[in-house]
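Chains A and B, in that order, are what the protein sequence lines are. Residue 1 is where the first sequence starts when you use this note's numbering, and the numbers rise one by one after that. Residue 417 is where the second sequence starts when you use this note's numbering, and the numbers rise one by one after that.
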Amino acid sequence: MANSAIASAAHETAELVARSSYGRLLAFLAARTRDVAGAEDALAEAFASALQSWPVDGVPDNPDAWLLTVARRRQTDAIRRRQTRTAGEAHIELMMDELNQAAANADAIADRRLALMFACAHPAIEPGMRAPLILQTILGLTASAIAAAFLIPPATMGQRLVRAKARIKEAGVPFAVPERADLADRLDAVLEAIYAAYAKGWTEIGDSTADRLADEAIWLGRLVVSLLPEEPEAKGMLALMLYTEARRQARRDAEGSYVPLQEQDIARWDLGQIDSAEVLLHAANRGGPTGRYQIEAAIQSAHCARRLGNTSNWPSIVALYDALLHLTQSPVVALNRAAVLAETAGADAALACLDGLAGDRRMADYQPYWAAKGHLAARAGRRADAHAALTLAMGLATDDAVRRYLAQQIRQLQDG
Amino acid sequence: MQFIMLIHHDDAALAKAPPALWGEYAAFNEALAKAGGTPGLRLDHASKGRSVTLRNGTPELLDGPYADTKEQFAGYFMIDLPDIDAAVQWAARCPSAQYGTIEVRPIWPTRGQ
């Protein structure tokens, strides 16, 4: 291995351990003090110095204890600097006590990350801020790293995160895993936030910050599965992410152009990742009632069956979409269902389904709607409709690879 | 909310743009029209303009743009959207974003709006 490769492997290991410790310590402190921002302040520098020194000196035997020692030293400095101020003193002392107790017994720190995730995805928190909040508190991502993927200016994202944390404190959001009766509903919000982070990392392709976000979301998905091993939907969501992630490389050809699922080179799929997804999905299906993520994962499983030579499972994919549509009533699901219906009932039938969506205002500037409509119209031989829809899809795209692919489709329409 | 998107081009970068850009622009304008946007105008090169100020009643004229920066005001379009996050999405779709900067500005609401 070259030196740089060793260095980057060391950096990666250090980062993984630091992140796991960071989330655990932050959750522990925040759950006790109910002050997420204060806990972040207490840990921020310790985390930063860990990321500097661990890749060089190696990861310490007890990472939590190392981080706590540094955090405690910094906290003491901060208190000395502020000694003249009385405001907030009681609060700082509380934080100090927590740090002292934890440092004295770093092996016994309870894992409160799940409780923190439930606090971040609480109904009192604006839905759009739940994913950024989880990314920051559990993984320690900076506001600017999160902002880039969410197409929001860093300063605005920073302000929104500060407000969301203040809201946790003011609204008395509990740091607890909900009781059995509420668990399914509340877990849904946590999974939705994690999946939203994954989706950001999936659609904005070609952008390295976004690629990384997909990895982070998968990491969070694994964390939830490990902390709630009984929940089938958590497994279903992780499986769904792994199925899609397994095809990431195959979405682009050698020239960097977009390749649709049906035309992807199976040799470029990550079969190991697909196998892990299959194991998870089977475990989920054994575990209980079938929810949204399990159905979506099953659809992906059916798409991936092509690697085994099975290309005739379209009727079961349509049936899965029927179940999903019944469950979610989502126009996006209706759109995807129409696209696969073309395989069993023909392009005209699929287009008729899309007509049912045409009145939905959300579809007017929804790029996948126009792309699907264009492809179906082309298959049905309606050239003028196809041309108009593909042109709109191209105009609504933000990804250059998708734009180029659509431009080529439009050219083929004109030549054919 | 009404937004105006001010397009600032880096002329050197734009000069190297592939011809496919104009096809992309045509598609973008179609999508913009469909969403009820106003296609706006494309300006001629900044060097062809004049900048005028009045100082103590005396006009002062400069050749070219107000500020001699790498990116120059090159055109605009307008669109009515629910919020600035949606407006940023539209700015990201504009092909010019690859060759310069799109400044997203809410339009001052007039009375009765």
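The C-beta atom is built at its ideal place from N, Cα and C for all residues, glycine as well.
Collapsed DSSP secondary structure at residue i in the structure displayed
i: Leu-141 of chain A; result: coil
i: Pro-434 of chain B; result: coil
i: Gln-264 of chain A; result: coil
i: Asp-97 of chain A; result: helix
i: Ile-146 of chain A; result: helix
i: Ile-295 of chain A; result: helix
i: Asn-105 of chain A; result: coil
i: Asn-310 of chain A; result: coil
i: Gly-158 of chain A; result: helix
i: Thr-69 of chain A; result: helix
i: Pro-132 of chain A; result: helix
i: Leu-228 of chain A; result: coil
i: Tyr-441 of chain B; result: helix
i: Ser-512 of chain B; result: helix
i: Ala-197 of chain A; result: helix
i: Leu-220 of chain A; result: helix
Nearest-angstrom Cβ-Cβ length linking residue i and residue j, presumed shorter than 8 angstroms
i: Ala-436 of chain B; j: Ile-495 of chain B; result: So it is not a contact: roughly 24 angstroms between Cβ atoms.
i: Val-468 of chain B; j: Leu-459 of chain B; result: With 8 angstroms as the limit, Val-468 of chain B and Leu-459 of chain B do not qualify as a contact, their Cβ atoms being about 16 angstroms apart.
i: His-424 of chain B; j: Gln-488 of chain B; result: 6 angstroms
i: Val-224 of chain A; j: Ile-266 of chain A; result: Going by Cβ atoms, the distance from Val-224 of chain A to Ile-266 of chain A rounds to 30 angstroms, so no, they are not a contact pair.
i: Leu-457 of chain B; j: Gly-491 of chain B; result: 6 angstroms
i: Phe-47 of chain A; j: Ala-110 of chain A; result: 20 angstroms between Cβ atoms; not a contact.
i: Leu-451 of chain A; j: Ala-18 of chain A; result: As shown, chain A starts at 1 and ends at 416. That puts residue 451 of chain A outside it, with no answer to give.
i: Ala-352 of chain A; j: Ala-342 of chain A; result: Wrong, their Cβ atoms sit about 11 angstroms apart, outside the cutoff.
i: Ile-138 of chain A; j: Gly-272 of chain A; result: No, Ile-138 of chain A and Gly-272 of chain A are not in contact; Cβ-Cβ is about 26 angstroms, not under 8 angstroms.
i: Pro-132 of chain A; j: Phe-150 of chain A; result: 6 angstroms
i: Met-417 of chain B; j: Val-520 of chain B; result: In fact, because the Cβ distance is near 11 angstroms, the residues do not count as touching under 8 angstroms.
Range of the contiguous beta strand (DSSP E) that encloses residue i
i: Met-394 of chain A; result: Element bounds for Met-394 of chain A: not the beta strand (DSSP E) but the alpha helix (DSSP H), 383–396.
i: Asp-426 of chain B; result: 418–426
i: Thr-517 of chain B; result: 516–522
Residues sharing a beta bridge with residue i, DSSP
i: Asp-355 of chain A; result: None; Asp-355 of chain A has no bridge partner.
i: Thr-454 of chain B; result: B:Met-494
i: Glu-476 of chain B; result: B:Thr-469
i: Gln-488 of chain B; result: B:His-425
i: Arg-252 of chain A; result: A:Tyr-258
Test: residue i CB closer than 8 angstroms to a CB of chain B
i: Thr-84 of chain A; result: At Thr-84 of chain A, the pLDDT of 49 sits below 50, so the modelled position is not reliable; the number obtained from the coordinates is stated separately. Not one chain B Cβ lies under 8 angstroms of Thr-84 of chain A.
i: Gly-416 of chain A; result: no
i: Asp-253 of chain A; result: no
i: Leu-161 of chain A; result: no
i: Ile-152 of chain A; result: yes
i: Asp-365 of chain A; result: yes
i: Met-394 of chain A; result: yes
i: Arg-286 of chain A; result: no
i: Ala-397 of chain A; result: yes
i: Thr-418 of chain A; result: Chain A is shown only over 1 to 416; residue 418 of chain A falls outside these bounds and no answer can be derived.
i: Arg-361 of chain A; result: no
i: Thr-391 of chain A; result: yes
i: Arg-130 of chain A; result: no
i: Ala-176 of chain A; result: no
i: Ala-407 of chain A; result: yes
i: Arg-403 of chain A; result: yes
For residue i, the first and last residue of its enclosing alpha helix (DSSP H)
i: Val-318 of chain A; result: 314–328
i: Asn-285 of chain A; result: 271–287
i: Asn-336 of chain A; result: 331–345
i: Ser-126 of chain A; result: In the sequence as displayed, the identity of residue 126 of chain A is Glu instead of Ser. It is not in any alpha helix (DSSP H) - Glu-126 of chain A carries neither H nor E in the DSSP assignment.
i: Pro-55 of chain A; result: 36–57
i: Cys-120 of chain A; result: 113–120
i: His-461 of chain B; result: Here His-461 of chain B belongs to no alpha helix (DSSP H), and DSSP marks it neither H nor E.
i: Asp-415 of chain A; result: 400–415
i: Gly-172 of chain A; result: Here Gly-172 of chain A belongs to no alpha helix (DSSP H), and DSSP marks it neither H nor E.
i: Tyr-22 of chain A; result: 3–33
i: Arg-247 of chain A; result: Run containing Arg-247 of chain A: none; DSSP gives neither H nor E here.
i: Tyr-369 of chain A; result: 367–379
i: Ala-110 of chain A; result: Run containing Ala-110 of chain A: none; DSSP gives neither H nor E here.
i: Asp-501 of chain B; result: 500–509
C-beta neighbour in chain A for residue i, strict 8 angstroms
i: Gln-505 of chain B; result: yes
i: Gly-439 of chain B; result: yes
i: Lys-486 of chain B; result: no
i: Glu-446 of chain B; result: yes
i: Asp-501 of chain B; result: yes
i: Arg-509 of chain B; result: yes
i: Ala-443 of chain B; result: yes
i: Ala-436 of chain B; result: yes
i: Ala-490 of chain B; result: no
i: Lys-432 of chain B; result: no
i: Ala-451 of chain B; result: yes
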